[in-house]
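Trainee:
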Amino acid sequence: KRSKLWSNCDELNKLIQEYWNWNPSHYLDFVNICERLI
């Protein structure tokens, strides 16, 4: 079961949703995640 996301943090929510993608070919890799957080 997935956690509820924060309503006041749209960019982080989008990143989390992309990371949780059900299709493995769309998974974000660690480098991509780090680049988006910086």
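full-length UniProt numbering puts the first residue of the sequence shown at 1, with every later residue one more than the last. Even for Gly, the Cβ is constructed at its ideal location relative to N, Cα and C. None of the values given here were measured: they were computed from a predicted structure.
(1) Measure the beta-carbon distance from Leu-28 to Tyr-19 and round it to whole angstroms, keeping in mind my assumption that it falls under 8 Å.
(2) Please state if the CB of Ile-38 and the CB of Leu-15 are separated by a distance shorter than 8 Å.
(3) Could you check what DSSP says for Asn-21 in three-state terms: helix, strand or coil?
(4) Please state whether DSSP places Asn-8 in a helix, a strand or coil.
Mentor: In short:
(1) 5 Å
(2) no
(3) coil
(4) coil
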